[in-house]
Amino acid sequence: MNLKDKTVVVTGGNRGIGKAIALAFAQQGAAVAICGTNETTLKETSAEVERVGAAKSLGHKVDVSKEDQVEAFTKSVLEAFGKVDILVNNAGITKDNLLLRMSEQDWEDVLNINLKSAFLMTKHFVKPMMKARRGRIINITSVSGVKGNAGQANYAASKAGLIGLTKTTAREFASRGITCNAIAPGFIQTDMTSALGEKALAEVTTQIPLGFLGETSDIANTVLFFASDEARYITGQVICVDGGMVI
Ligand SMILES: NC(=O)c1ccc[n+]([C@@H]2O[C@H](COP(=O)([O-])OP(=O)(O)OC[C@H]3O[C@@H](n4cnc5c(N)ncnc54)[C@H](O)[C@@H]3O)[C@@H](O)[C@H]2O)c1
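Quick note on our numbering: the sequence shown kicks off at 1420 and runs consecutively.
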């Protein structure tokens, strides 16, 4: 896979899965722009991205659910890098509760940050891809969006919505040489899953046929493949990287 001259944008690239994705592209020599909500980790990760081999790096504080901020970020990336080849919509949050106890605010927050954000990022970053007549958009969904999950009505709905957005984006931009695919992680070791606590994690592991939690590199490697020329004939697909949870 040759990703050396590519320019990539990763939302939520400052930590967890997004950070692993940013570092994986950096190790290939790509130019990497990340955004997130925490200025300190954005600075730290941008520096690390550059240290491991990125051609260029950029880290901006952006709320990806706000169109004016997404638009300003698009401009900054284009000014700094001149083009965008790959967009990874990774930023996401959980606000879990049983449906009957879920507040309207928790529903809206999760839908805005997990789903509206990908719509806004795609809308703005696809324009330079259309001009170039090539591009790759990769959305990080979840097995919860594929099979539903009790206690995650807002999260599962946002991630299922992301699958619909992926398929529609694939159809709308295929004629411009742009592909769009989704990756549905199962349980991956990050801050998001360690918040579950030891007892819940042990219970979760019993539902994974391969018998262990995934690592952030399992997702990053799949993203690299979808971003590469080798994946040129794949679009509108959802791949579960989940140790066999969805079979
Ligand atoms: N960890 C898992 O097991 C798992 C499983 C399935 C799907 N996922 C998905 O993978 C993605 C990354 O998960 P993670 O485990 O690394 O989570 P994380 O909590 O470690 O990271 C989430 C990232 O999103 C960013 N973010 C949150 N709100 C934002 C906003 N308004 N604007 C911009 N950035 C924002 C944060 O800055 C952070 O970098 C998420 O979309 C998550 O739903 C994770």
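The C-beta atom is built at its ideal place from N, Cα and C for all residues, glycine as well. As the structure is a prediction and not an experimental result, all values here were calculated from the model.
>> Using beta carbons (cut-off 8 angstroms, strictly below), is residue 1661 in contact with chain C?
In response: Included in the structure is just one protein chain, with no chain C present.
> Who are residue 1595's beta bridge partners in DSSP?
Replying inline: Translated into the one-based positions of the sequence shown, residue 1595 becomes position 176. In DSSP, residue 1595 forms no bridge with anything.
> What do you reckon, is the C-beta of residue 1482 under 7 angstroms from a heavy atom of ligand 1?
Replying inline: Stepping through the sequence shown from its first residue, residue 1482 is reached at position 63. Flag set: Cβ of residue 1482 near ligand 1.
>> With a threshold of 8 angstroms on Cβ separation, who are the neighbours of residue 1624 within its own chain once the five nearest residues in sequence on each side are excluded?
In response: Reading the sequence shown from its first residue, position 205 is the one you call residue 1624. Correct list, in chain order: 1606, 1630, 1631 and 1632.
>> Just to confirm before moving on: does the CB-CB distance between residue 1691 and residue 1597 stay below 8 angstroms?
In response: It is not possible to answer for residue 1691, since the shown part of the chain is limited to 1420 through 1666.
> Which residues share a DSSP beta bridge with residue 1543?
Replying inline: Here the question's residue 1543 lines up with position 124 in the sequence shown. None, per the DSSP bridge assignment.
> Do the region 1462 to 1469 and the region 1434 to 1454 touch if we need at least three Cβ pairs shorter than 8 angstroms?
Replying inline: Yes, since at least three Cβ pairs between the region 1462 to 1469 and the region 1434 to 1454 fall closer than 8 angstroms, the two stretches touch.
> Taking just the CA atoms, how far does residue 1595 sit from residue 1615?
Replying inline: The residue you call residue 1615 lines up with position 196 of the sequence shown. The residue you call residue 1595 lines up with position 176 of the sequence shown. If you take the alpha carbons of residue 1615 and residue 1595, they lie about 42 angstroms apart.
> Based on the DSSP output, what are the partners of residue 1604 in its beta bridges?
Replying inline: For this step, residue 1604 is matched to residue 185 along the sequence shown. 1660.
> Nearest to residue 1515 by CA position, among 1498, 1563, 1502 and 1581, is which residue?
Replying inline: Within the sequence shown, the letter at position 96 stands for residue 1515. The candidate whose alpha carbon is nearest that of residue 1515 is 1563.
> Is residue 1638 helix, strand or coil by DSSP?
Replying inline: Looking up residue 1638 in the sequence shown gives position 219. Reduced to three states, the DSSP call for residue 1638 is helix.
> Is residue 1433 near ligand 1, with its Cβ less than 7 angstroms from a heavy atom?
Replying inline: One-based indexing of the sequence shown puts residue 1433 at position 14. For ligand 1, at least one heavy atom lies less than 7 angstroms from the Cβ of residue 1433.
> How is residue 1665 classed by DSSP in three states: helix, strand or coil?
Replying inline: As a working note, residue 1665 is residue 246 in the sequence shown. Coil at residue 1665, not helix or strand.
> By Cβ distance, which residues of its chain are closer than 7 angstroms to residue 1525, with the 5 residues on each side in sequence left out?
Replying inline: To locate residue 1525, count along the sequence shown from 1; it is residue 106. Scanning its chain for C-beta atoms nearer than 7 angstroms, with the 5 sequence neighbours on each side dropped, one finds around residue 1525 the residues 1514, 1516 and 1573, in chain order.
> Which term fits residue 1519, buried or exposed, when burial requires 16 or more other beta carbons within 10 angstroms of its beta carbon?
Replying inline: Residue mapping note: residue 1519 aligns to position 100 of the sequence shown, counting from 1. Its Cβ having fewer than 16 others within 10 Å, residue 1519 is exposed.
> Using the rule of at least 16 other Cβ atoms within 10 Å of the residue's Cβ for burial, across every protein chain shown, is residue 1548 buried or exposed?
Replying inline: The count along the sequence shown starts at 1 and reaches residue 1548 at position 129. Answer is buried; the Cβ neighbour count reaches 16.
> Below 8 angstroms between beta carbons: does that hold for residue 1558 and residue 1579?
Replying inline: As a working mapping, residue 1558 is identified with position 139 in the sequence shown. As a working mapping, residue 1579 is identified with position 160 in the sequence shown. No. Outside cutoff.
> Which class does residue 1434 belong to by DSSP, given the choice of helix, strand or coil?
Replying inline: As a position in the sequence shown, residue 1434 is number 15, starting the count at 1. The answer is coil: DSSP assigns residue 1434 none of H, G, I, E or B.
> Residues in its own chain within less than 6 angstroms of residue 1646 by CB, not counting five upstream and five downstream?
Replying inline: Your numbering for residue 1646 matches position 227 in the sequence shown. Answer for residue 1646: 1505 and 1555, listed in chain order.
>> Excluding the 5 residues flanking residue 1663 on each side, which residues of the same chain have their C-beta closer than 6 angstroms to its C-beta?
In response: Residue 1663 sits at position 244 when you count from the first residue of the sequence shown. Contacts found: 1628 and 1629.
> Closest by CA to residue 1436, which one among 1618, 1626, 1611 and 1653?
Replying inline: The count along the sequence shown starts at 1 and reaches residue 1436 at position 17. Cα-wise, what sits closest to residue 1436 is 1611.
> Buried or exposed: where does residue 1533 fall if 16 or more other Cβ atoms within 10 Å of its Cβ makes it buried?
Replying inline: In the sequence shown, the residue the question calls residue 1533 occupies position 114. Classification of residue 1533: buried, given that the 10 Å Cβ count is 16 or more.
> Looking at residue 1570 and ligand 1, is the gap between the Cβ and the nearest heavy atom below 7 angstroms?
Replying inline: Along the sequence shown, read from residue 1 onward, the residue named residue 1570 stands at position 151. Checking the Cβ of residue 1570 against ligand 1 gives no.
> Just to confirm, does residue 1547 get its C-beta within under 7 angstroms of one of the non-hydrogen atoms of ligand 1?
Replying inline: Taking the sequence shown and counting its residues from 1, the one referred to as residue 1547 is at position 128. Not one heavy atom of ligand 1 sits closer than 7 angstroms to the Cβ of residue 1547.
>> By the three-class DSSP mapping on this structure, what secondary structure does residue 1509 have?
In response: Within the sequence shown, the letter at position 90 stands for residue 1509. Three-state result, residue 1509: coil.
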